[in-house]
DNA sequence: CATTAGCACTCGCGCGTTAAGAGTGCTAAC
DNA sequence: GTTAGCACTCTTAACGCGCGAGTGCTAATG
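Residue numbers (our numbering), protein chains in the order written: chain D, 175 to 517; chain X, 175 to 517.
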């Protein structure tokens, strides 16, 4: 177990390193006015902390920097919550300023988050598990083209143009839409593909000529899986960080960010609450020098989305954790009201 | 006027520099097997070309690199068209593979373009001058929320959620929509805002109670200016270029790319055909070390969009120009068919 | 006995020097 | 007009050196 003094020193070192990005030496620590020990004492403690794995040296006679284990301990035990009145106010203003589109608020949140932190923010849109189908429409544009529009009870609109094969005649199309609206109204959109296969298909066979050909079309138009969307803010903020003075690192960062599905899968696994993964704790090689902090937010009554911040392991954990908590609360609150307003 | 030999040497130097990014020396040139002169002769010619402003030295005893004037001459007089059968085939495959959404083909084109060149591609969506309103719909979601949907004859869909003030009753809303559809069907969407102000407003005053309040809503929902959209591909490709070994340059590049409106205005001015602006010929300071090549494409019968490539002044002009010509043709062809299919 | 002052020692960093290499410009010969 | 030769210039990488920051250890101190 660490002594009080060791905790103090560990904390001071990490705080200082987070701020300056330079290895911190014993003399600098002893000068801080909340540290009443001499440099020599601190050197001894630092040696111990290094043996225990909380600190590292960059070379044999350098100051110390936190190890990943050090950061881990810091995050788990040494962080006092911080008040971010101003930042939370900013968030509140932006989020609650009467919005009507889900995408909009999520994108804004991502941007504000990266703005306030100078790290890269990633938000995973909520899975729209419980939004329900409000209406399906097909609008014919010419003899052989049409656009299909699908509206959910939350005002989410999806649309897709398609060409109408000559074999399908307009009245059939209309019939189909009627059937679909009749049967699928109020069904959670997540269940649409399944419903379509089981209930609708057989029904439509009865009413329509040439059913087979239409089937594939409809399926493709309305019921393809829609991948979860990723909102990213401040991709170039990471360039501000001094650890990114190396072009090779920048390159690998950007190529990593292009793999949206990998990133999405990283975020998805996160359960409720705040989760911090530091350096090698991350499963994906490409972010083994990064820290990832995730928090979840709720849409209505149960559908989760994830907010995350990606930055160097030398991250302002204290600020970032508080901020993420704040944002996730604000988002949950705002989205609750929003969601309810559609009931 | 330049002599034959000077032209040859200028060309060889630029070709070589474009390929290697290293200053090229007299000995290297004399070794090429289409150059039958000794290094000394070439040195003399190079000195003359430098006096004329076509070449530069990086330091007093270095090889030569092209000046901007050199590139300009190269682009205007020394580029032989190149055959890009393979690349054009790739483009064809991607573009013509039956698409139905405009955005889709434009985005794909941007991506393919940057993929094939390793530069950053920027495509300005066509101004939808002539697409016409097909249908307006308002779908109410709850007592006080609704989503408005606007469909054009080309299958383009815009939507916007809004809250319905208590003062407006549903039947009024319906009436409005009827009026709008009646009066605005077939009107080019570019003219909608104007039409709304002049014709519709007065008409609606007669039919509706409480017109004033609704007016602003409708205006905001349907008739706000929609900015021209920018499609960007391969933002991180630029990192591959050796001139980007400097973090400061990368930073300034990315901050430049964030100013979408400036970039859009740069592209807009381009008239028909291919246009190459090299280094300081660009009006915006931020891209004074870049070259920008733009080509235009047509949607249907007259609406122009712009395709552009942004790269270092040391660009593969020959390839890029041919490619851009090819792509602009393919896009125009494909979009012509697409556009016609909606008539 | 924990703490601290003192000191030798270790590295990294910046700097000037040096040598190699690439390339030029000029002159003189072909 | 063309080219070979050569002195000269400048970049780059390598090397050595001294400085400063920082450490680890020892011995003195309260």
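We put the CB at the ideal spot given by N, CA and C, even for glycine. Quantities reported herein were computed from a predicted structural model and do not represent experimental measurements.
Beyond the five residues adjoining it in sequence on each side, residue 264(D) comes within less than 6 Å, by CB distance, of no other residue in the same chain.
Cβ proximity to chain D below 8 Å picks out nothing from the segment 293–305 of chain X.
The three-state secondary structure of residue 194(X), taken from DSSP, is helix. For residue 297(D), no alpha helix (DSSP H) run applies; the uninterrupted beta strand (DSSP E) run containing it begins and ends at 294–298, by DSSP. Residue pairing from DSSP places residue 332(X) in a beta bridge opposite 324(X). At a Cβ-Cβ threshold of 8 Å, residue 284(X) and residue 269(X) do not count as neighbours. When the five nearest sequence neighbours on each side are left out, the beta carbons in the same chain lying within less than 8 Å of the beta carbon of residue 301(D) are those of 364, 402, 477, 478 and 479, in order along the chain. Comparing alpha-carbon positions, the option among 187(D), 220(D) and 419(D) lying closest to residue 208(D) turns out to be 187(D). Looking only at 249(X), 214(X), 196(X) and 404(X), the smallest Cα-Cα distance to residue 492(X) is reached by 249(X). Sixteen is the threshold: when 16 or more other Cβ atoms of the shown chains lie within 10 Å of the Cβ of residue 504(X), as they do, the residue is buried. In this structure, DSSP gives residue 359(D) a state outside helix and strand, which the three-state scheme calls coil. Counting the other CB atoms within 10 Å of its CB gives residue 235(D) a total below 16, which places it among the exposed residues.
DSSP places residue 238(X) in the uninterrupted beta strand (DSSP E) bounded by 238–240. When the five nearest sequence neighbours on each side are left out, the beta carbons in the same chain lying within less than 8 Å of the beta carbon of residue 192(D) are those of 488, 489, 490 and 491, in order along the chain. Taking a C-beta distance under 8 Å as the contact criterion, residue 299(X) and residue 211(X) do not qualify as a contact pair. Residue 409(X) counts as buried, since no fewer than 16 other beta carbons sit within 10 angstroms of its beta carbon. Excluding its 5 nearest sequence neighbours in each direction, residue 438(D) has C-beta neighbours in its own chain below 7 Å: 298, 402 and 404, listed in chain order.
Our two residues, residue 318(D) and residue 339(D), have alpha carbons roughly 7 Å apart in a direct line.
Each of 206(X), 200(X) and 233(X) was checked against the Cα of residue 220(X), and the nearest Cα belongs to 200(X). Below the 9 Å Cβ cutoff, chain X contributes 410, 413 and 414 as neighbours of residue 425(D), in chain order.
When the Cα atoms are used, residue 374(X) and residue 354(X) turn out to be separated by approximately 7 Å.
Residue burial annotation: residue 232(D) is exposed, with fewer than 16 other C-beta atoms found within 10 angstroms of its C-beta. Under the three-state reduction of DSSP output, residue 281(X) falls in the helix class. Under the three-state reduction of DSSP output, residue 244(D) falls in the helix class.
In the structure shown, residue 312(X) adopts extended strand secondary structure according to DSSP, grouped into three states. In the structure shown, residue 452(X) adopts extended strand secondary structure according to DSSP, grouped into three states. The segment 326–339 of chain X makes no contact with the segment 497–511 of chain X: fewer than 3 CB pairs, one atom from each, lie closer than 8 Å.
Residue 428(D) reaches chain X at 410 and 413, counting residues in chain order whose Cβ is nearer than 7 Å. If you check each beta-carbon in the segment 461–483 of chain D against every beta-carbon of chain X, none falls closer than 8 Å. Between residue 288(X) and residue 407(X) a beta carbon distance of about 4 Å is seen, short of the 8 Å cut, so the two are scored as contacting. Ranking 326(D), 190(D), 202(D) and 417(D) by CA distance to the CA of residue 360(D) puts 326(D) first. Taking a contact as a CB-CB distance under 8 Å, the pair residue 393(D) and residue 370(D) counts as one, their CB atoms being some 7 Å apart. By alpha-carbon distance to residue 515(X), the top candidate from 246(D), 320(D), 342(D) and 238(D) is 320(D).
Nearest Cα to residue 312(X) within the set 315(D), 316(D) and 324(D): 324(D). For residue 224(X), no beta strand (DSSP E) encloses it; the enclosing alpha helix (DSSP H) starts and ends at 213–225.
By the neighbour-count criterion, in which a residue is buried when 16 or more other Cβ atoms sit within 10 angstroms of its Cβ, residue 470(X) is buried.
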